[in-house]
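So the sequence lines, in the order shown, correspond to chains P and U.
Quick note, my numbering runs 1194 ahead of the 1-based positions in the first sequence.
Quick note, my numbering runs 1 ahead of the 1-based positions in the second sequence.
Remarks on the structure that follows.
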Amino acid sequence: MLTISNVNKTFNEGTVNEKIALRNINLHLAPGDFVTVIGSNGAGKSTLMNAISGGYIPDTGTIKIAEQMVTKWNEHNRASLIGRVFQDPMAGTAPNMTIEENLAIAYSRGKKRRLGLGVTSKKRALFQERLRMLDQGLENRLKTKVGFLSGGQRQALSLLMATFTNPKILLLDEHTAALDPKRAALIVDLTLKVVNENKLTTLMVTHNMEQALNMGNRLLMLHDGSIILDIPQEKKSQMTTNDLLRAFEEARGGEKLTEDRYILA
Amino acid sequence: MNFAIVSAIEQGLLFAIMVLGVYLTFRILDFPDLTVDGSFALGGAIAATLIIDGMNPFLATLIAMAGGAIAGTFTGLLTTKGKINGLLAGILVMISLYSINLRIMGKKSNLPLLREETLYSKTQALSIPDITFGGITWLTGEAIIFLVMVLLIKFLIDWFLHTDLGLDIRATGDNSRMIRSFGANTDTTTIIGLALSNALVAVSGAFIAQYQGFADVGMGIGMIVVGLASVIIGEVLFGAKSIMRVTLAVVLGSVVYRLVIAFALQAGLEATDMKLITAFLVILALVLPNIMKRALKMGKTVKGG
């Protein structure tokens, strides 16, 4: 479903601020794979996400999504294949537009936008049906502006919008990191439900080791622009967070994982 | 006095088309577009020149509208493809239009339309009766036609902003990163929004030229501030809950603005003071709601003990 071959990305090349963000990344995701990604700050997680979504064009290498070579596609062209939820709950929705208008935008992903009405009664019924799944009572607030919703509600809506048209790839960019534990748990549950129901091929960046181990069928660890660990389901399901830390040290030849933001428990 | 009010309403309605254009960029796209000063005069210049050449005034106004759309497209291209800051892109097109408008007008800074057949003279020829009540004329027959036309444009904008394309344009101003992740090309939506806005502004300029009986190369100076003043006054006085509400509010804001100017003139201020009055109005409309909110809050805390 997703094939990344020999991708390199360097920022500010040839200056004192040169930063190699991705080093020769090779990655293949089969349809239905749910891969969690961890790594310290500056490891290249965000750059990897952006390289897939089209935010950055890689210096070398190719990216293939659903058998289509998308390496040179713009972000808005790739959007027909990729759903994305950002860390910031404010980032995935338009605050001054109503819930139904936001969903109408999600509904028309990958379609040509013309002069048909964005929200029709037929679409409205579909929106209500899908909103009911979130269990937030949003199905009765279609005409509420999204800016009035709580952070958790907005993130739940973002997740629904990102997955509304079953994208080929779902990118989750630390999408629970900005929420309190209770709401984060709610979004985790919703994520599992949506991904499993639609068998979405998913790449999820997280700072929560527990999440990384418990969710998905494969775990990647990035460090300094390279994939240093690639743990399959069988191994992952038996690991604890301590095992994961030890595996990191081994992979780095004794260097300890120093990262304040990591949630170990 | 009564005459001043009646003509303020007429003008307010014609300028309202420009205000709707400013609303599209300022509020919907979140883009302060200074092209307006140039495209307003462009509309007047194109319409006046073509009418003097003997063209049907309706067709001349349509071509003026197309001219405004092209001006807006240029600003859009400069800011999206050329990566020029939006304010600067607008200023560059505005200043270019000053020279272009003089070219269009045959290097004359003023084109009189007094003996020409214009949309205004055609409207007068319809001789629709004034609405009078209690011995005072409230709306002239011409103003009724203007009102119908402005409302028609308002409803068209309302409809457009609720289409799939309209939603994309609104989301571009609201959260451009989000709408890109759903497959909209924000360069395109920005350009469409700017073209549409400046088309409306140019139509308004074409109408005003025909209404006042001349086009002047300086007729657009300060127009963006007038537009902003009308948008803000309208929103403050008449509310901004939904698109349909705001578009009505900014039309009314345009009329209120003209009435305030008429009263200021009546009170003895000079026509040359009007730019200052306009700036003062904008400041007042922006600052007053904040002061009132604070006062309200303080009142509550005192009561709450």
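The beta-carbon is built from N, C-alpha and C at its ideal position, and this holds for glycine as well.
Note that the structure is a prediction, hence the values are computed from the model and not measured.
Exercise. Can you grab the Cα-Cα spacing for the pair Asp175 of chain U / Ala1356 of chain P, in whole Å?
Key: Taking the first residue of the second sequence as 1, we reach residue 175 of chain U at position 174. Taking the first residue of the first sequence as 1, we reach residue 1356 of chain P at position 162. Each residue's Cα considered, the two are about 17 Å apart.
Practice problem: Quick one: residues in its chain with C-beta nearer than 8 Å to the C-beta of Leu1221 of chain P, no 5 flanking neighbours on either side, listed in chain order? | Solution: Residue numbering aside, residue 1221 of chain P sits at position 27 when the first sequence is read from its first letter. Closer than 8 Å at the Cβ level, and outside the excluded window around Leu1221 of chain P, lie Leu1196, Thr1197, Ile1198, Leu1414 and Ile1421.
Quiz item: Is it true that the region 38-48 of chain U meets the region 178-189 of chain U, where meeting means three or more beta-carbon pairs spaced less than 8 Å apart?
Solution: no
Quiz item: According to a CB-to-CB cut-off of less than 9 Å, which residues of the region 1261-1277 of chain P neighbour chain U?
Solution: Asn1268, Glu1269, His1270, Asn1271, Arg1272, Ala1273, Ser1274, Ile1276 and Gly1277
Practice problem: Count the CB pairs spanning the region 1222-1232 of chain P and the region 1397-1410 of chain P that are closer than 8 Å, and state whether there are at least three. | Solution: The answer is yes - the region 1397-1410 of chain P touches the region 1222-1232 of chain P, with three or more Cβ pairs under 8 Å.
Quiz item: Looking at C-alpha atoms only, which residue of P:Leu1343, P:Gly1255 and P:Asp1282 is the closest neighbour of Arg178 of chain U?
Solution: Here residue 178 of chain U corresponds to residue number 177 of the second sequence, with the count starting at 1. The shortest Cα separation from Arg178 of chain U among P:Leu1343, P:Gly1255 and P:Asp1282 belongs to P:Asp1282.
Self-check item: Integer-rounded CB distance, given that Leu168 of chain U should sit under 8 Å from Gly1312 of chain P
Solution: Residue numbering aside, residue 1312 of chain P sits at position 118 when the first sequence is read from its first letter. Residue numbering aside, residue 168 of chain U sits at position 167 when the second sequence is read from its first letter. About 4 Å; that satisfies the 8 Å criterion.
Exercise. Can you tell me which of the three DSSP states Arg104 of chain U falls into?
Key: One-based indexing of the second sequence puts residue 104 of chain U at position 103. Looking at Arg104 of chain U - three-state DSSP - the assignment turns out to be helix.
Quiz item: Taking C-beta to C-beta, are Glu1269 of chain P and Gly1248 of chain P nearer than 7 Å?
Solution: For the purposes of this step, residue 1269 of chain P is taken as the residue at position 75 of the first sequence. For the purposes of this step, residue 1248 of chain P is taken as the residue at position 54 of the first sequence. Yes, Cβ-Cβ distance for Glu1269 of chain P and Gly1248 of chain P is below 7 Å.
Self-check item: Where the beta strand (DSSP E) through Ser1344 of chain P begins and ends
Solution: Here residue 1344 of chain P is taken as the residue at index 150 of the first sequence, counted from 1. From DSSP, Ser1344 of chain P is part of no beta strand (DSSP E); its letter is neither H nor E.
Practice problem: Taking only beta-carbon positions, decide if Glu1295 of chain P is within less than 7 Å of chain U. | Solution: Here residue 1295 of chain P refers to the residue found at position 101 of the first sequence. For Glu1295 of chain P, the nearest CB of chain U lies under 7 Å from its own CB, placing it at the interface with that chain.
Quiz item: So, do the region 251-269 of chain U and the region 20-35 of chain U have three or more beta carbon pairs nearer to each other than 8 Å?
Solution: With the rule of 3 Cβ pairs closer than 8 Å, the region 251-269 of chain U counts as touching the region 20-35 of chain U.
Exercise. Could you give the DSSP three-state label for Leu1366 of chain P: helix, strand or coil?
Key: Here residue 1366 of chain P corresponds to residue number 172 of the first sequence, with the count starting at 1. Of the three classes helix, strand and coil, the one that applies to Leu1366 of chain P here is strand, per DSSP.
Self-check item: Min CB distance Leu1343 of chain P to chain U below 7 Å
Solution: Within the first sequence, residue 1343 of chain P is the residue found at index 149, counting from 1. So no, Leu1343 of chain P is outside the interface.
Self-check item: Contact under 7 Å by Cβ, Ala210 of chain U with Ala203 of chain U
Solution: Here residue 210 of chain U refers to the residue found at position 209 of the second sequence. Here residue 203 of chain U refers to the residue found at position 202 of the second sequence. Cβ distance not < 7 Å, so Ala210 of chain U and Ala203 of chain U don't count as in contact.
Quiz item: Out of U:Val218, U:Thr248 and U:Ala280, which has the shortest C-alpha to C-alpha gap to Ser110 of chain U?
Solution: By 1-based counting over the second sequence, the position of residue 110 of chain U is 109. Minimum Cα distance to Ser110 of chain U is reached at U:Val218.
Quiz prompt | Contacting residues, own chain, Cβ-Cβ under 6 Å from Leu201 of chain U (five flanking each side not counted) | solution = Looking up residue 201 of chain U in the second sequence gives position 200. Once the five neighbours on either side are set aside, the close Cβ partners of Leu201 of chain U are Ile18, Leu21 and Gly22.
Self-check item: Contact check, Arg1377 of chain P vs Gly1341 of chain P, beta carbons under 7 Å
Solution: Indexing the first sequence from 1 puts residue 1377 of chain P at position 183. Indexing the first sequence from 1 puts residue 1341 of chain P at position 147. Not in contact: Arg1377 of chain P and Gly1341 of chain P (Cβ atoms no closer than 7 Å).
Quiz item: Is the CB-CB distance between Ile1276 of chain P and Pro1375 of chain P below 7 Å?
Solution: Position 82 of the first sequence holds residue 1276 of chain P. Position 181 of the first sequence holds residue 1375 of chain P. No, Cβ-Cβ distance for Ile1276 of chain P and Pro1375 of chain P is not below 7 Å.
Practice problem: Note down the Cα distance separating Leu162 of chain U from Thr1314 of chain P, rounded to an integer number of angstroms. | Solution: For the purposes of this step, residue 162 of chain U is identified with residue 161 of the second sequence, where counting begins at 1. For the purposes of this step, residue 1314 of chain P is identified with residue 120 of the first sequence, where counting begins at 1. Each residue's Cα considered, the two are about 14 Å apart.
Quiz prompt | Inter-residue CB distance, Thr191 of chain U and Ile180 of chain U (contact presumed, cutoff 8 Å) | solution = Locating residue 191 of chain U in the second sequence gives position 190, counting from the first residue. Locating residue 180 of chain U in the second sequence gives position 179, counting from the first residue. In this structure, Thr191 of chain U and Ile180 of chain U do not form a Cβ contact; the two beta carbons are roughly 11 Å apart against a cut-off of 8 Å.
Practice problem: For the region 230-237 of chain U and the region 65-74 of chain U, state whether three or more C-beta atom pairs, one from each stretch, are separated by less than 8 Å. | Solution: No, they do not touch.
Quiz item: Since His1401 of chain P is in the beta strand (DSSP E), which residue starts that stretch and which ends it?
Solution: Here residue 1401 of chain P corresponds to residue number 207 of the first sequence, with the count starting at 1. No beta strand (DSSP E) contains His1401 of chain P, which DSSP labels as neither H nor E.
Self-check item: Range covered by the alpha helix (DSSP H) that runs through Tyr5 of chain U
Solution: Here residue 5 of chain U refers to the residue found at position 4 when the second sequence is read from its first residue. Per the sequence presented here, residue 5 of chain U reads as Ala, with Tyr not at that position. Its alpha helix (DSSP H) spans residues Asn3 to Tyr24.
Self-check item: Start-to-end residues for the alpha helix (DSSP H) that takes in Met179 of chain U
Solution: Start at 1 with the first residue of the second sequence, and residue 179 of chain U comes out as number 178. From DSSP, the alpha helix (DSSP H) with Met179 of chain U extends over Ser177 to Ser182.
Quiz prompt | Segment limits, alpha helix (DSSP H) that includes Ile222 of chain U | solution = Taking the second sequence and counting its residues from 1, the one referred to as residue 222 of chain U is at position 221. First-last for Ile222 of chain U: undefined, no H or E at that position.
Quiz prompt | Cβ-based burial, Asp1454 of chain P [other Cβ within 10 Å; buried from 16] | solution = Reading the first sequence from its first residue, position 260 is the one you call residue 1454 of chain P. Confidence at Asp1454 of chain P is low in this model, with a pLDDT of 48, below 50, so the placement of that residue is unreliable and no value is reported for it.
Quiz prompt | Residue-chain proximity (Gly240 of chain U, chain P), Cβ-Cβ < 7 Å | solution = Reading the second sequence from its first residue, position 239 is the one you call residue 240 of chain U. By this cut-off, Gly240 of chain U is not an interface position.
Self-check item: Meets three-Cβ-pair contact criterion under 8 Å: the region 1292-1307 of chain P and the region 1385-1395 of chain P
Solution: no
Quiz item: Who are the Cβ neighbours of Leu127 of chain U in its own chain at under 8 Å, not counting the five residues just before and after it?
Solution: Here the question's residue 127 of chain U lines up with position 126 in the second sequence. The residues are Gly142 and Ile146.
Exercise. Excluding the 5 residues preceding and the 5 following Asn1200 of chain P in the sequence, name in chain order all residues of the same chain whose CB lies nearer than 7 Å to its CB.
Key: As a working note, residue 1200 of chain P is residue 6 in the first sequence. So the list reads Asn1218, Asn1220, Thr1254 and Gly1255, once near-sequence residues are dropped.
Quiz item: Which bits of chain P does Phe183 of chain U rub up against, with CB to CB less than 7 Å?
Solution: Counting from 1 along the second sequence, the entry for residue 183 of chain U is found at position 182. What Phe183 of chain U touches in chain P: Ala1273, Ile1299, Ala1300 and Arg1303.
Exercise. Would you please verify whether the beta carbon of Leu1325 of chain P is less than 7 Å from any beta carbon of chain U?
Key: The residue you call residue 1325 of chain P lines up with position 131 of the first sequence. With 7 Å as the cut-off, Leu1325 of chain P does not count as an interface residue toward chain U.
Self-check item: Residues that DSSP places opposite Ala216 of chain U in a beta bridge
Solution: Your numbering for residue 216 of chain U matches position 215 in the second sequence. Bridge partners of Ala216 of chain U: U:Leu112.
Practice problem: Run the CB neighbour count on Pro1252 of chain P, radius 10 Å, all protein chains shown included, and call it buried at 16 or more, exposed below. | Solution: Translated into positions along the first sequence, residue 1252 of chain P becomes position 58. Buried, by the Cβ-count rule.
Quiz item: Is the distance from the Cβ of Met224 of chain U to the Cβ of Val94 of chain U below 7 Å?
Solution: Locating residue 224 of chain U in the second sequence gives position 223, counting from the first residue. Locating residue 94 of chain U in the second sequence gives position 93, counting from the first residue. No, Cβ-Cβ distance for Met224 of chain U and Val94 of chain U is not below 7 Å.
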